[in-house]
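**Q**
In the numbering used here, the protein residues as written are 122 to 231.
#1: For residue 220, which residues does DSSP report across the bridge?
#2: Could you spell out the range, first to last residue, of the alpha helix (DSSP H) harbouring residue 167?
#3: Do the segment 213–227 and the segment 176–196 make contact, defined as three or more Cβ pairs closer than 8 Å?
#4: Which residues does DSSP list as the beta-bridge partners of residue 176?
#5: Sort 207, 201 and 196 by Cα distance to residue 165 and report the nearest one.
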């Protein structure tokens, strides 16, 4: 079961890099993170839950993901940028993990 959870978590984080964002720049990412935080606060209020704290992902972190609520889109530039995933754990608590993801528009070596 732990192997499945680890595979699922890695898959979700990898899939986020396939999404398309509006473009580069600190302003875009800042606005995207702010909009995500506001949306998650509204989701928490609507569902009678506490606002999620933002935790920075560390390699090997044990994530108890029961239901994914939101994921921010990855950038389309060839650069590392912040991204967030908000999820409910098995106890129903909202959690937000911020991590860094590589953009999707990188040249391929041949």
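Note that CB positions come from ideal geometry on N, CA and C, so glycine has one too.
**A** So, to answer that:
#1: 204
#2: 147–167
#3: yes
#4: For residue 176, which the question treats as bridged, DSSP gives the partners 218.
#5: 207
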